[in-house]
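Remarks on the structure that follows.
Residue numbers (full-length UniProt numbering): 1 to 326.
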């Protein structure tokens, strides 16, 4: 037990290793590696947007963050600021985040909004409110990616009594084209909870073979079995067609009672600086039945199977000493 505490405090480790978590209070983490060698990192803070900038992703707990935006006192984005993501598009920075109206709070008023910053350094400059994304449904967890000559937006729409994964092409970083399509709805038992069946937190991943992937979270943050699911499509297919995507029937990353990891999910995938390594960034809890509290950010590397599909393995225990990203 003493050895475990020493590892978690960083005692007995050299500077080339680390232990999880990288951030104790770190729900809904997002990390991107920019071409300047810096990681830009964000987590849910509820009433504001905080941004980290670091060349060492394992040091976000110590480098500190900057509050780049605070929720207004009223309006559609005045409360419940969740799941922010920062992206660099055509020379400008954009933050996509979930928000709701404080005077009418609830899933019915929850949407994805976006901010724009034209400064070359996202830690500087002014963030301009570009408003609400024109999705067909209210919903959460907006994310974007570019593939070929098209840019895509994904999110988790509230549809009847469940939450799905939807996609649309974009005409600019704050406007969707009229081709929004639902790709997947909760189907399997591990994707469902007693209160609401939820698919959320979609992220895009290009594989080394002929496939691309959408990795999503299933279940709910209050469930210990919150886990990751996956869709796969051929690289030359139409990503806005649900028929293009194959659904995996089993979770690709799930809780481990042996390793004391519960509710692993709401992830993003990034690489090491060189960039030979792929890293899964996610939140999890180290005890069961904690609800949505005490979610910390962890990272672990992963590889690819013989079919060119990600093999995330099992979530690592907190006492595991890990080599830092290259």
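Even glycine gets a Cβ: it sits at the ideal position worked out from N, Cα and C.
In this structure the stretch 185-192 does not touch the stretch 142-151; the number of beta carbon pairs closer than 8 angstroms is below three. For residue 50, the enclosing beta strand (DSSP E) covers residues 48-54. Taking a cut-off of 8 angstroms for Cβ pairs, the stretch 15-23 and the stretch 32-39 do not touch, as fewer than three such pairs fall below it.
Here DSSP, grouped into helix, strand and coil, assigns residue 119 to coil.
The Cβ atoms of residue 215 and residue 310 sit closer than 9 angstroms to each other. Rounded to whole angstroms, the separation of the alpha carbons of residue 292 and residue 298 is 16 angstroms.
Secondary structure within the stretch 55-137: the beta strand (DSSP E) runs of 3 or more consecutive residues, fully enclosed, are 66-70, 79-89, 92-100, 111-117, 128-132 (chain order). Under the three-state reduction of DSSP output, residue 27 falls in the coil class, being neither helix nor strand. Rounded to the nearest whole angstrom, the CA to CA distance from residue 159 to residue 275 is 38 angstroms. If you draw a straight line from the Cα of residue 253 to the Cα of residue 265, it is about 8 angstroms long. The DSSP-derived three-state label of residue 254 is coil. Less than 9 angstroms separates the beta-carbon of residue 173 from that of residue 92.
Cα atoms of residue 316 and residue 279: separation of roughly 13 angstroms, rounded to the nearest angstrom. Residue range 211-218 is occupied by the beta strand (DSSP E) that includes residue 218. Listed in chain order, the non-local C-beta contacts of residue 183 below 8 angstroms within the same chain comprise 164, 165, 166, 167, 214, 231, 242, 245, local neighbours out to five positions each way being set aside. The Cβ atoms of residue 102 and residue 73 sit closer than 9 angstroms to each other.
Around the CB of residue 197, 16 or more other CB atoms lie within 10 Å, so the residue is classed as buried. For the pair residue 98 and residue 86, the CB atoms are not nearer than the 9 angstroms cut-off.
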